[in-house]
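Visitor: Chains A and B, in that order, give the protein sequences.
Position 13 (the first sequence) corresponds to 13 in this note's numbering; numbering is contiguous.
Position 82 (the second sequence) corresponds to 82 in this note's numbering; numbering is contiguous.
Glycine included, C-beta positions come from ideal geometry on N, C-alpha and C.
Please see the structure below; I have some questions.
Protein chains: 2
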Amino acid sequence: MNRTITPPDVVVRRLPLYARSLRYLLRDGILSVSSQELGERINVTAAQIRKDLSYFGEFGKQGIGYDVERLLNQIEHILGIDRAWAVALIGAGQLGEALIRYEGFREQGIHIAAVFDANTQKIGKSVGGIIIEHSDSMSTVLPQRNIQMAIIAVPADRAQQVANVLIKANVRAILSYAPTVIQVPEGVWVRYIDPIAILHSMTFYLSRDE
Amino acid sequence: MNRTITPPDVVVRRLPLYARSLRYLLRDGILSVSSQELGERINVTAAQIRKDLSYFGEFGKQGIGYDVERLLNQIEHILGIDRAWAVALIGAGQLGEALIRYEGFREQGIHIAAVFDANTQKIGKSVGGIIIEHSDSMSTVLPQRNIQMAIIAVPADRAQQVANVLIKANVRAILSYAPTVIQVPEGVWVRYIDPIAILHSMTFYLSRDE
DNA sequence: CTCAGATTGTGTAATATTGCACATAGTATT
DNA sequence: AATACTATGTGCAATATTACACAATCTGAG
């Protein structure tokens, strides 16, 4: 029985994809789905889906499959996304502004609750209904608003300093758009969005066979 | 000897990180680096770096380490990023515009050579010096300009259709920002940028210990 | 020219991840 | 109530990835 051991991170990373696919099924009025069908939609084998889910419990019915709405609710509960999360955004440049205006975050329970920038010109300015605050106020504002998650959208050479402040202010999950690896202590999670690295890894295959 | 077998994709994905770190070292005037030092900067073990590189050749000197500039050049050559790549961008919305204006792409040899949108209101408009063209012209324009790589920045429900057209037009590498899995035939590479999925996978750990 | 110190490249072991395949259990049909 | 289907949950096998550890090799000092 898998349920007794902690799920590998690869499994945790797939759960949001399962959840999203189930949301689309639900929207399309599909009430029931098999691991086979779900897998075909997201290019994951049926066995993998079943095994992944087995880390958290038994959610299907033999001979039938999964109740879409029920499984979605269960996964959302497992991930803790059955509630909204307050997130801080650091860096209100081109990218930062685009992120603030992106509707997808709020729709999926990601609530940008604070925006910080180091440029005094920008402080007090409102973007998408949110007032930009000065970076120096991070360490007081973050604990006040109980923010545990942050998005870094500053230049690479400032990312580590920003992360250090975040960590001191008890932020424990960071999504960084800065093209540099951030050092964090045990217990803090960092993930990266790195389009250039992705494109550069694909050029390998394009170069190869031509 | 590793060099005789094709490198696993995990290895290929790490190469751009090695390259970037080397670029930073070079910029800082550091001429030589050991696998140990390089690894500490990007949180990869020294053995992993050495083994990864061994898929492509021998680049270091025993007792010394690696010549930063030389290794960087070699990796850039392996990845095929020692030249510029023409990339198409599909979708000139909020996100698309931010991507066009992002300097990082051009600096790293990613040359946005065409921008398409389905909205006739936007056609002919110039963004960041590039004229937006109509999506219908993709199938003729892409082969003309010999574009093999594309970035999808359209809503989820249009992503698959766009991908289909791209593939017909011989695009073989796709970076998609749309929150949905795209089906592609053998020989076409797809990767995703999915900040919501990333944040949702981190909330798992935050929920867990509180 | 020899020795000490450093660091690579890699065979092999260890670990992690994925996939197979089947007993089990549910539904539908007759 | 028996049979035929279907699809789950999971033990185990297969594969993939990472880490270890050491012989080989380079440099520099004396």
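How would you list, in chain order, the residues of chain B whose beta-carbon sits under 9 Å from the beta-carbon of M1 of chain A?
Guide: Result: empty, since nearest Cβ-Cβ is about 19 Å, beyond 9 Å.
Visitor: Quick test of the definition: if touching needs 3 or more C-beta pairs under 8 Å, does the region 170-186 of chain B touch the region 140-150 of chain A?
Guide: Too few Cβ pairs lie closer than 8 Å, so no.
Visitor: Out of curiosity, what's the CA-to-CA distance linking G57 of chain B and Q183 of chain A?
Guide: Near 30 Å, if we compare the C-alpha coordinates of Q183 of chain A and G57 of chain B.
Visitor: Throw me the rounded Cβ distance for the M138 of chain B and V165 of chain B pair, which I believe falls under 8 Å.
Guide: M138 of chain B to V165 of chain B, Cβ: 5 Å. Contact.
Visitor: Starting from L99 of chain B and walking both ways along the alpha helix (DSSP H), at which residues does that stretch end?
Guide: Q94 to R101 is the span of the alpha helix (DSSP H), which, as asked, contains L99 of chain B.
Visitor: Quick one, which of B:I198, B:V190 and B:P195 has its alpha-carbon nearest N43 of chain A's?
Guide: If we check each option's Cα against that of N43 of chain A, B:V190 comes out closest.
Visitor: Smallest Cα separation from E69 of chain A: which of A:E103, A:G29 and A:R101?
Guide: Taking only the C-alpha atoms, the option nearest E69 of chain A is A:G29.
Visitor: Using a beta-carbon distance below 9 Å, is T45 of chain B in contact with chain A?
Guide: No, its Cβ sits nowhere closer than 9 Å to a Cβ of chain A.
Visitor: Starting from V181 of chain B, find everything on chain A with Cβ-Cβ shorter than 8 Å and list it in chain order.
Guide: Chain A residues near V181 of chain B: L17, S21, R41, I42 and N43.
Visitor: Relative to chain A, which residues along the region 155-178 of chain B have a C-beta separation below 7 Å, given in chain order?
Guide: Against chain A - using a Cβ distance shorter than 7 Å - the residues of the region 155-178 of chain B are R172, A173 and L175.
Visitor: Going by Cα to Cα distance, which pick from B:Y55, B:R27, B:L71 and B:G65 is closest to Q36 of chain B?
Guide: Considering only alpha carbons, the answer is B:G65.
Visitor: Which residues share a DSSP beta bridge with G218 of chain B?
Guide: Because chain B is modelled from 1 through 210, residue 218 of chain B falls outside the range shown and cannot be assessed.
Visitor: Could you check whether the Cβ of P195 of chain A sits closer than 9 Å to any Cβ belonging to chain B?
Guide: Yes - at least one Cβ of chain B is within 9 Å of the one on P195 of chain A.
Visitor: Of all the options A:I132, A:A86 and A:Q160, which has the alpha carbon lying nearest to the alpha carbon of A113 of chain A?
Guide: Minimum Cα distance to A113 of chain A is reached at A:A86.
Visitor: Short check: CB of L25 of chain A to CB of L15 of chain A, under 9 Å?
Guide: No; because the gap between Cβ atoms is not below 9 Å, this pair is not in contact.
Visitor: For T203 of chain B, go through chain A and note every residue whose CB falls closer than 7 Å to its CB, in chain order.
Guide: Simply L79, G80, I81 and W85.
Visitor: Measure the C-alpha to C-alpha separation of H111 of chain B and R145 of chain B and round it to an integer number of angstroms.
Guide: So the two alpha carbons sit approximately 12 Å from each other.
Visitor: If we count the other Cβ atoms within 10 Å of its Cβ and call it buried at 16 or more, is D136 of chain A buried or exposed?
Guide: It counts as exposed.
Visitor: Between I123 of chain A and E133 of chain A, which are expected to be in contact by the criterion C-beta below 8 Å, what is the C-beta distance as a whole number of angstroms?
Guide: Yes, they are in contact, since the Cβ atoms of I123 of chain A and E133 of chain A sit about 7 Å apart, within 8 Å.
Visitor: Less than 9 Å separating the beta-carbons of D82 of chain A and G96 of chain A?
Guide: Not in contact: D82 of chain A and G96 of chain A (Cβ atoms no closer than 9 Å).
Visitor: Which class does F56 of chain B belong to by DSSP, given the choice of helix, strand or coil?
Guide: The answer is coil: DSSP assigns F56 of chain B none of H, G, I, E or B.
Visitor: Starting from A88 of chain B, trace the beta strand (DSSP E) both ways and give me its first and last residue.
Guide: Element bounds for A88 of chain B: W85 to I90.
Visitor: Could you spell out where the alpha helix (DSSP H) holding I152 of chain A opens and where it closes?
Guide: I152 of chain A -> not in any alpha helix (DSSP H); beta strand (DSSP E) instead, spanning M149 to I152.
Visitor: State the CB to CB distance for the pair V181 of chain A and R101 of chain B, rounded to an integer number of angstroms; the pair is presumed to be in contact (CB under 8 Å).
Guide: With 8 Å as the limit, V181 of chain A and R101 of chain B do not qualify as a contact, their Cβ atoms being about 25 Å apart.
Visitor: Along chain A, which residues have their Cβ under 7 Å away from the Cβ of H111 of chain B?
Guide: Per Cβ cutoff of 7 Å: no residues; H111 of chain B is ~11 Å from chain A at best.
Visitor: Would you say F116 of chain B reaches chain A, if we count a Cβ-Cβ gap shorter than 9 Å as a contact?
Guide: By this cut-off, F116 of chain B is not an interface position.
Visitor: Cβ closer than 7 Å: which chain B residues qualify as neighbours of A98 of chain A?
Guide: Near A98 of chain A (Cβ distances below 7 Å), the residues of chain B are Q94, L95 and A98.
Visitor: As a quick exercise: from A:F204, A:R208 and A:H200, pick the residue whose alpha carbon is nearest that of G249 of chain B.
Guide: Given that chain B is displayed from residue 1 to residue 210, the structure contains no residue 249 of chain B and the question cannot be resolved.
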